[in-house]
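These notes are about the structure you will find just below.
Residue numbers (the working numbering): 100 to 254.
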């Protein structure tokens with residue numbers, strides 16, 4: 100390796116044993132792009148919601164879904180049509196969802212972003228502007244429109 104010339108634009112790989120203070124460049128991997136979204140997901144069987152989850156999954160390497168608890172939905176004044184256990188089970192079975200977390204409070208988003216190494220936070224357009232304060236932690240996007248083929252507005 101020592102004295103070898105790398106092709107222009109190529110990244111040279113080094114052995115960690117060349118010198119004691121060098122890193123093992125051969126084991127480097129780019130950061131995964133993990134996307135987080137929240138919702139009640141009370142109609143996961145609806146093809147439109149599945150399409151949205153598929154679209155979100157296409158924007159990232161891993162999709163984390165925060166499913167609102169029954170208590171949180173009741174506190175918001177929108178009781179769930181289906182119990183949390185059933186909604187979570189449907190999300191766990193969804194092939195587009197990498198992990199499901201419970202949304203117990205309105206204030207947990209910041210800690211969820213940090214604890215799950217979130218690169219992208221996505222919500223429906225109806226929430227536009229309400230999560231802009233999270234931009235210091237992650238990229239915030241809003242899904243535009245009501246149709247299943249939603250476009251993304253990045254800020």
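Even for Gly, the Cβ is constructed at its ideal location relative to N, Cα and C.
On a predicted model such as this, the values are computed, not experimentally measured, just so you know.
TODO: Compute the minimum distance between the beta carbon of residue 146 and the heavy atoms of the ligand MG, and state whether it is under 7 Å.
DONE: The ligand MG is not among the ligands present in this structure, which contains no ligands whatsoever.
Open item on the list: Does residue 212 come out as helix, strand or coil in the three-state DSSP assignment?
Closed with: DSSP, reduced to helix, strand and coil, places residue 212 within a helical segment of the structure shown.
- [ ] Output the residue ranges of the alpha helix (DSSP H) runs that lie fully inside the segment 151-186 and measure 4 residues or longer, sorted by chain position.
- [x] 169-175
Task: Opening and closing residue of the beta strand (DSSP E) in which residue 136 lies - done: 133-138
Task: Cα-Cα separation, residue 231 to residue 195 - done: 26 Å
- [ ] Report the option in 167, 226 and 148 whose CA atom is closest to the CA atom of residue 139.
- [x] The option with the nearest alpha carbon to residue 139 is 167.
- [ ] Leaving aside the five residues before and after residue 213 along the sequence, list all residues of the same chain whose C-beta is less than 7 Å from its C-beta, in chain order.
- [x] The beta carbon of residue 213 lies closer than 7 Å to those of 236 in the same chain, with the five residues before and after it left out.
TODO: Evaluate contact between the segment 204-223 and the segment 176-184, counting only Cβ atoms and requiring at least three cross-stretch pairs below 8 Å.
DONE: no
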